[in-house]
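Student: Sequential numbering of the sequence shown, starting at 9, is according to the numbering used here.
Quick one: the structure is below, and I'll ask about it shortly.
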Amino acid sequence: MIILPFAIAGLFAAAFGFTAWKARVIEQSFPNHGELIDVGGFRMNSLFVPAGEDADLPPIVFIHGASGNLRDQETAFRSRLEGRADLLFVDRPGHGYSERGSERNAWPDGQANAIARLMELRGIESAIIVGHSFGGAIAASFALGHPEKTAGLLFLAPATHPWPGGVDWYYDLAKKPYIGWLFSRLVALPAGLVRIDGATHSVFHPNPRPEKYVTEGAPALVLRPRNFRNNAIDVANLNEYVKQVAARYSSITAPTVVITGNRDAIVAEEIHSVGLKRDIEHADLVWIDSLGHKPDYVVPDVAVAALEKLAGHDRDLEAIARAAEARLRGQSAPRS
């Protein structure tokens, strides 16, 4: 009995030590290649890729989803759009290498305001705002709070509306004071390392996950304790937030395109994407059969065409979507 408290203390110390060591290893594997800028009491990290001389699109701001960072959207879009527009890839407050800032940044409107301030400091007056998944709620909040900065909206498999039920148990646990802090430093990182391969396959399902996604998209960055807890708080807060805000989406006037698949296992497209089509007048909803939660990677040609249409180019999104469906037909994710 005397030995037991020492054994427990040793296990706690080992877990803390492993998490601290592995977090440093993750950061060494995925060092920051953005720039930290003070946006008013805290620093946001972003990567700015300037337009070329023959740019044909307005500036574009990319907002990643839950558990993500700027590398996620950069990997999906940079090579396809570089030179055509000013591109701004952001680490949302408390994610990637961005600092968290105030408690308001635990909510989509706080993060939208921070992104608006970052745009000003980057010299971007207005932009097409691209939001994937959780980033969709921030894109919608951005349009509500900063319509003069919103040249257009592209929602990719968005999470924007109230849904029945809650979130996975570990989000609620990690959000809690004290115990959430401990969970993020004792359990989350080692458990996350075990699950990361299967989890990233699940995000893409039923489409194959790109082999290099884990190394190029750097999803392991979210396993670092502060990032993990910030992400959990964001996700746990979202349903309460959209219950209050979704009724205001009808006031959004920016040109809008929503791209969604009918096989999304992460968010309910019949709630969120259909809700945006219903609530935002003149929004285009592009359905793609056999598409899961990652249109940014699986059908980037459709997303780029949507950006071009939002910029005023003549693009038949339905025809491009049908071609994408033909490409996806017969594809399936390998069993993991």
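Every residue, glycine too, gets a C-beta built ideally from N, C-alpha and C.
Only counting the same chain, and skipping five residues up and downstream in sequence, which positions put a Cβ closer than 7 Å to that of residue 115?
Tutor: Only 245 and 249 meet the Cβ criterion.
Student: Buried or exposed: which applies to residue 187, given that a residue is buried once 16 or more other Cβ atoms fall within 10 Å of its Cβ?
Tutor: Label assigned to residue 187: exposed.
Student: Starting from residue 51, follow its DSSP beta bridges and name the residues at the other end.
Tutor: Looking at the DSSP assignment, residue 51 forms a beta bridge with 46.
Student: Okay, do the stretch 118-132 and the stretch 297-308 touch, 3+ Cβ pairs below 8 Å being the bar?
Tutor: No, because fewer than three Cβ pairs between the stretch 118-132 and the stretch 297-308 fall closer than 8 Å, the two stretches do not touch.
Student: For residue 227, count the other beta carbons within 10 Å of its own beta carbon; 16 or more makes it buried, fewer makes it exposed. Which is it?
Tutor: Buried, since its Cβ has 16 or more Cβ neighbours within 10 Å.
Student: Is it buried or exposed for residue 270, if we count other Cβ within 10 angstroms and need 16 for buried?
Tutor: The residue in question, residue 270, is exposed, as its Cβ has fewer than 16 Cβ neighbours within 10 Å.
Student: Quick check: residue 44 and residue 70, are their CB atoms within less than 8 Å of each other?
Tutor: Cβ distance not < 8 Å, so residue 44 and residue 70 don't count as in contact.
Student: Specify whether the stretch 212-219 and the stretch 144-160 touch according to this definition: at least 3 beta carbon pairs, one from each stretch, less than 8 Å apart.
Tutor: No, because fewer than three Cβ pairs between the stretch 212-219 and the stretch 144-160 fall closer than 8 Å, the two stretches do not touch.
Student: Which of the three DSSP states is assigned to residue 115 in this structure?
Tutor: Residue state, collapsed to three classes: coil.
Student: Just mark residue 129 as buried or exposed, buried being the case when its beta carbon has 16 or more other beta carbons within 10 Å.
Tutor: So residue 129 ends up on the exposed side.
Student: If I measure Cβ to Cβ from residue 100 and keep anything under 6 Å in the same chain, skipping five residues before and after, which residues do I get?
Tutor: So the qualifying residues of the chain are 119.
Student: Do you know how far the Cα of residue 262 is from the Cα of residue 325?
Tutor: Distance between the alpha carbons of residue 325 and residue 262 is about 18 Å.
Student: With a CB to CB cut of under 7 Å and the five nearest residues on each side skipped, what residues in its chain are close to residue 318?
Tutor: Only 136, 160, 162, 263 and 265 meet the Cβ criterion.
Student: When the Cα atoms are used, what is the spatial distance from residue 35 to residue 168?
Tutor: Looking at the two C-alpha atoms, the distance is approximately 31 Å.
Student: Quick one: Cα of residue 289 to Cα of residue 194, how far?
Tutor: Cα to Cα, the separation comes out at about 47 Å.
Student: Please name the residue or residues paired with residue 56 in a DSSP beta bridge.
Tutor: In the DSSP output, where bridge partners are listed per residue, residue 56 has 96.
Student: I need the boundaries of the beta strand (DSSP E) containing residue 207, first residue and last residue.
Tutor: First-last for residue 207: 196-212, but that is the alpha helix (DSSP H), not the beta strand (DSSP E).
Student: Residue range of the beta strand (DSSP E) that residue 140 falls in?
Tutor: Segment 135-140, the beta strand (DSSP E) holding residue 140.
Student: Relative to the alpha-carbon of residue 53, which residue among 206, 210 and 125 has its alpha-carbon at the smallest distance?
Tutor: Among 206, 210 and 125, the Cα nearest to that of residue 53 belongs to 125.
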